[in-house]
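Asker: Counting from 0, one number per residue, gives the positions in the first sequence under numbering that gives the first Met the number 0. To start, I am sharing the structure in question, which I have written as structure tokens.
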Amino acid sequence: MTDPKRYLVTAALPYANGLKHVGHLAGAYIPADIYARYLRARKKDVVFVCGSDEHGTAIPIQAKKENTTPRAIIDKYHEAMKQDFDDLSIQFDVYHRTSEPLHHETAREFFTMLHENGDLETKESEQYYDEEAATFLADRYIKGTCPNCGSDRAFGDQCETCGRTLSPDELINPLSTLSGKTPVKKQTKHWYLPLGKHEQFLRDWILRDHKDDWRHTVSGQCRSWIDGGLQSRAVTRDLDWGVPVPLEEAAGKVLYVWFDAPIGYISATKQWALNNNRDWKPYWYDNDTKLVHFVGKDNIVFHCIIFPVMLKLHGNILPDNVPANEFLNLEGDKMSTSRNWKLDMRDYINDFVKKDNGGGQCVDMLRYYLTQIAPETKDSEFTWKGFQDAVNSELVSIFGNFVNRTFVLMHKLCAGKVPKLHEAVLDDNDKQMIADIAAAKESVENCLENYRFRDGLFQVIDLARKGNQYMQKKEPWILAKQVAEKPELQQQIHNCLHICLQLTANLALLVNPWLPSTAQKMCYMMKVVEKMLDWENAGKLKLLSVGYALREPQLLFRKIEDDEITYQVNKLKSGALQTNETPAPVPEKPAVPAKDIIQFDDFAKIELKTATVISCEKVPKADKLLKLEVDLGTEKRTIVSGIALHYTAEEMVGKQVVVVTNLAPRKMKGIESQGMILCAEDKSGKLQLVKPENPVDPGSNVS
RNA sequence: GCCGGGGUAGCUCAGCUGGUUAGAGCAUCGGAUUCAUAACCCGAAGGUCGGCAGUUCAAGUCUGCUCUCCGGUACCA
Numbered sequence: 000m001t002d003p004k005r006y007l008v009t010a011a012l013p014y015a016n017g018l019k020h021v022g023h024l025a026g027a028y029i030p031a032d033i034y035a036r037y038l039r040a041r042k043k044d045v046v047f048v049c050g051s052d053e054h055g056t057a058i059p060i061q062a063k064k065e066n067t068t069p070r071a072i073i074d075k076y077h078e079a080m081k082q083d084f085d086d087l088s089i090q091f092d093v094y095h096r097t098s099e100p101l102h103h104e105t106a107r108e109f110f111t112m113l114h115e116n117g118d119l120e121t122k123e124s125e126q127y128y129d130e131e132a133a134t135f136l137a138d139r140y141i142k143g144t145c146p147n148c149g150s151d152r153a154f155g156d157q158c159e160t161c162g163r164t165l166s167p168d169e170l171i172n173p174l175s176t177l178s179g180k181t182p183v184k185k186q187t188k189h190w191y192l193p194l195g196k197h198e199q200f201l202r203d204w205i206l207r208d209h210k211d212d213w214r215h216t217v218s219g220q221c222r223s224w225i226d227g228g229l230q231s232r233a234v235t236r237d238l239d240w241g242v243p244v245p246l247e248e249a250a251g252k253v254l255y256v257w258f259d260a261p262i263g264y265i266s267a268t269k270q271w272a273l274n275n276n277r278d279w280k281p282y283w284y285d286n287d288t289k290l291v292h293f294v295g296k297d298n299i300v301f302h303c304i305i306f307p308v309m310l311k312l313h314g315n316i317l318p319d320n321v322p323a324n325e326f327l328n329l330e331g332d333k334m335s336t337s338r339n340w341k342l343d344m345r346d347y348i349n350d351f352v353k354k355d356n357g358g359g360q361c362v363d364m365l366r367y368y369l370t371q372i373a374p375e376t377k378d379s380e381f382t383w384k385g386f387q388d389a390v391n392s393e394l395v396s397i398f399g400n401f402v403n404r405t406f407v408l409m410h411k412l413c414a415g416k417v418p419k420l421h422e423a424v425l426d427d428n429d430k431q432m433i434a435d436i437a438a439a440k441e442s443v444e445n446c447l448e449n450y451r452f453r454d455g456l457f458q459v460i461d462l463a464r465k466g467n468q469y470m471q472k473k474e475p476w477i478l479a480k481q482v483a484e485k486p487e488l489q490q491q492i493h494n495c496l497h498i499c500l501q502l503t504a505n506l507a508l509l510v511n512p513w514l515p516s517t518a519q520k521m522c523y524m525m526k527v528v529e530k531m532l533d534w535e536n537a538g539k540l541k542l543l544s545v546g547y548a549l550r551e552p553q554l555l556f557r558k559i560e561d562d563e564i565t566y567q568v569n570k571l572k573s574g575a576l577q578t579n580e581t582p583a584p585v586p587e588k589p590a591v592p593a594k595d596i597i598q599f600d601d602f603a604k605i606e607l608k609t610a611t612v613i614s615c616e617k618v619p620k621a622d623k624l625l626k627l628e629v630d631l632g633t634e635k636r637t638i639v640s641g642i643a644l645h646y647t648a649e650e651m652v653g654k655q656v657v658v659v660t661n662l663a664p665r666k667m668k669g670i671e672s673q674g675m676i677l678c679a680e681d682k683s684g685k686l687q688l689v690k691p692e693n694p695v696d697p698g699s700n701v702s
């Protein structure tokens, strides 16, 4: 979009069921914050909105887990996340929450318009209903036995043990988690958003109009979705936590969280307008508003497909870009909450920012490193060693050191004041440096405009590097020793320090979107007001006035010591170890079976036998399936088993396994499976075969 | 399996519509220097651009096949 009148920048609404980690930061919040700060520095009309996403079934679930109420959960995590963002200099213009009445009202209005315009479909279906609690049960509120792994910790949407996606109908022995009773099937009506109707619009808008300006990771994923066929999506669901559907016939139903959450951007904008006595409407209705969504790649489909369709139907503007980032790994592995392999924002804040030698410099160190490794084009990796290297050899040695030596020399050679620039004696080095400052402004700006934050920050550091080179060529400390014999050298010294100081001011300005605390500290040292950081001053040589006295230098960044790094790495590893070794917290009543008690006769219905794998091959065109021939002593059978991710076909041959031999046969990928192989599965989802301690004859009964 | 995105120096990445000896930063090694947080500066070394084949006067850059990593999706009794 050329020359937008105003900007609306959004960062993904974090879900209020736990603390967020540095992957979230690198993925959405830091890039969004950099962009918003840049626009503010350019005096653009910009609103940067975010807020807590507080609906959805995971909230009441989390409440149960923590033995409290949903309200307490969202209040707790809303405050915590808000605080963490604040501690890391993520400067939203408004941080709202979807539990606010303003949001409910906004979401209701949104739904109502779509409904009244006939843009939604309705469908009746049978859903589980808890008669005692007199409510329909969300998938998450039904538990039962997993048809896949047999675990009793399966829910209507997913099995906790094997992670398989489920539908409530698949559960064996479904039970309501509310009453503990067996639910009944009951007719229910829901509203759907028919995405398929908008396929052509999406194709034109994304694949044609934004062919060149969207990241190809983003448009590629969109194409994948569109080509895969766009299904209608339920907008409502039977749940009591969320925005009630504003229809009389929809009592007990709420808007699906995916529907109400992005509308949170709109309600946040409204709240901002109220707080600042402004009009929110142009930000969502005027075509000269540039809307940019910052999200992680898991959110692409919502922000590029679903929400735009909603916005179009509702008469709003569409996002100009969705610069989604990929994922951030940690020390060689994916970040994972369940395995405790992660770095929470709060942990960093406590271990670095809140320490005596911490503060803003540590905030900026993290912002620096997370930008430097930002997964803009592919997944990237956070390592503590990398963090240390980036801080020590770039921030400290190049950037911090340049500023420091400039200030020290200025105090030693120029009496603590900004020296004069003697234009008549400018040499090639001076001129080149001046040109480099102007050029840096252009390249940094270009990067920022195109969401290349990693490259932009590199350009800033590179300018500091050029400053070091320049100073080295000029060697004012050498000139100072000769000035007694050659007084004319004093002008060279002045020119060098003048340019270095103006360069320092420029560095403060250019680095400000990325490292705001550092920019402020530099302003303090230069005794200038923050207005100097206005982008229009960039590239110029007049940021500091001649003769102006500056403060004593203070170091911009401290070094990261080796022991801090080893401490963090050990902490990460031992934390992960703990979760691996300690089983899930034992409930107060130990090991009450979740399944119904059965009699011996029931058990006896299952025939279990040992078998030896004779041969084994991978089922073609299936990732998880192995086809096995097993010897049951008296017979041989073919079994198809979903263990290919854990065992290779070769290593299965010769192994003894336990087989359910009287299970009804089932065809998979065209092969009839005549039994089932038993496996144990740990928390991480790793499968282990169940087998006799010592080999026994094939066909031995297991009981 | 299908769809999408990657695989370029030890690490993190640039390389647009094909064109001279494939680039940068960090790390490493050597040198120089002292204004500076043993910092800076100069220099060197380091790559059969995942593999194979093809198109072309010319391919990291185009085509086909293949291996591998990351998502999504199907298979999981």
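The beta carbon of each residue, even a glycine, is placed where N, CA and C say it ideally should be. Computed from a prediction, not measured in an experiment: that's the story for all the values here.
Please report the distance separating the alpha-carbon of L514 from that of F110.
Answerer: 41 Å
Asker: Indicate the three-state DSSP secondary structure (helix, strand or coil) for I642 in the structure shown.
Answerer: coil
Asker: Out of curiosity, what's the CA-to-CA distance linking H197 and G227?
Answerer: 14 Å
Asker: Decide yes or no for the touch test of the segment 247-258 against the segment 283-293: beta carbon pairs closer than 8 Å, at least 3 of them.
Answerer: no
Asker: Considering only C-alpha positions, which residue in the set I305, S175 and F135 is nearest to I205?
Answerer: I305
Asker: What's the call for S702, buried or exposed, on a 16-neighbour Cβ count within 10 Å?
Answerer: exposed
Asker: If we call anything under 8 Å between Cβ atoms a contact, is D508 one with L87?
Answerer: Note that residue 508 is Leu in the sequence shown, not Asp. No, the pair does not count as a contact, with Cβ atoms beyond the cut-off.
Asker: So L24 and L312 are in contact, right, with Cβ under 8 Å, and what is the actual spacing, rounded?
Answerer: Rounded, the Cβ-Cβ distance is 33 Å, inconsistent with contact.
Asker: The alpha helix (DSSP H) that contains N505, what's its start and end?
Answerer: L488 to V510
Asker: To the nearest angstrom, how far is the alpha carbon of G674 from that of H645?
Answerer: Counting only the Cα atoms, H645 lies some 19 Å from G674.
Asker: Rank Q468, G385, T67 and R345 by C-alpha distance to the C-alpha of M80 and give the top, closest one.
Answerer: Checked all of Q468, G385, T67 and R345; the closest Cα to M80 is R345.
Asker: Rounded to whole angstroms, what is the Cα-Cα separation between M0 and D319?
Answerer: If I take the Cα positions, the gap works out to 7 Å.
Asker: With three or more beta-carbon pairs closer than 8 Å as the criterion, would you say the segment 484-502 touches the segment 408-423?
Answerer: Touching, yes, given that three or more Cβ pairs across the two stretches are closer than 8 Å.
Asker: Whose C-beta lies closer than 6 Å to the C-beta of M718 among residues of the same chain, with five residues either side of it excluded?
Answerer: This structure gives no information on residue 718, because the portion of the chain shown stretches from 0 to 702.
Asker: Can you tell which of F301, I262, K184 and P281 has the C-alpha that lies nearest to the C-alpha of Q220?
Answerer: F301
Asker: In whole angstroms, give me the CA-to-CA distance for T609 and M667.
Answerer: Cα-Cα distance, rounded: 22 Å.
Asker: Which whole runs of the beta strand (DSSP E) in the segment 213-290 are 3 residues long or more, in chain order?
Answerer: Segments of the beta strand (DSSP E) lying fully in the segment 213-290: 235-237 and 252-254.
Asker: Count the other CB atoms within 10 Å of the CB of Y393; is the residue buried (16 or more) or exposed (fewer)?
Answerer: Looking at the sequence shown, residue 393 is not Tyr but Glu. Residue environment: E393 is assigned as buried (16 or more neighbouring CB atoms within 10 Å of its CB, all protein chains considered).
Asker: Run the CB neighbour count on F602, radius 10 Å, all protein chains shown included, and call it buried at 16 or more, exposed below.
Answerer: exposed
Asker: Once you ignore the five residues that flank L542 on each side, which residues in its own chain have a CB closer than 7 Å to its CB?
Answerer: Excluding sequence positions up to five before and after L542, its CB lies within less than 7 Å of the CB of Q501, A504, N505, M531 and N536, all in the same chain and listed in chain order.
Asker: Taking the continuous alpha helix (DSSP H) assigned at I171, which residues delimit it?
Answerer: Element bounds for I171: not the alpha helix (DSSP H) but the beta strand (DSSP E), I171 to S175.
Asker: Which of helix, strand or coil does DSSP assign to A679?
Answerer: strand
Asker: Could you give the residue range of the alpha helix (DSSP H) that holds M334?
Answerer: Neither: M334 is in no alpha helix (DSSP H) and is coded neither H nor E.
Asker: Would L408 and W340 qualify as a contact pair, given that the criterion is a beta-carbon distance under 8 Å?
Answerer: no
Asker: Among all the DSSP beta bridges, which residues are the ones paired with D52?
Answerer: Y14
Asker: In whole angstroms, give me the CA-to-CA distance for P694 and I676.
Answerer: Between P694 and I676, the C-alpha separation is close to 16 Å.
Asker: Ignore the nearest five residues each way along the sequence and tell me which others in P307's own chain have a CB closer than 6 Å to its CB.
Answerer: L317
Asker: Consult DSSP for F452 and reduce its assignment to one of helix, strand or coil.
Answerer: helix
Asker: For V585, collect the residues of the same chain with a Cβ closer than 6 Å to its Cβ; drop the 5 residues on either side in sequence, then sort them by chain order.
Answerer: Any answer about V585 is weak, because its pLDDT of 31 lies below 50 and its placement is not dependable; what the coordinates show is given next. Around V585: no qualifying Cβ.
Asker: Just checking my contact of V21 with F91 at CB under 8 Å: how many whole Å lie between their CB atoms?
Answerer: Not a contact, Cβ separation roughly 18 Å.
Asker: Using C-beta distances below 7 Å, list every residue in its chain close to A118, excluding the 5 sequence neighbours before and after it, in chain order.
Answerer: For clarity, residue 118 is Asp in the given sequence; the question names Ala instead. So the qualifying residues of the chain are L312.
Asker: Does DSSP classify I94 as helix, strand or coil?
Answerer: According to the sequence as given, residue 94 is Tyr; it is not Ile. Strand.
Asker: I'd like the span of the alpha helix (DSSP H) that includes A40, first residue to last.
Answerer: Here the alpha helix (DSSP H) through A40 covers I29 to A40.
Asker: Return the CA-CA distance between L420 and R5, expressed in angstroms with no decimal places.
Answerer: 39 Å
Asker: How many angstroms separate the CA atom of K377 from the CA atom of L425?
Answerer: 45 Å
Asker: Can you say whether R550 is buried or exposed, counting buried as having 16 or more other CB atoms within 10 angstroms of its CB?
Answerer: exposed
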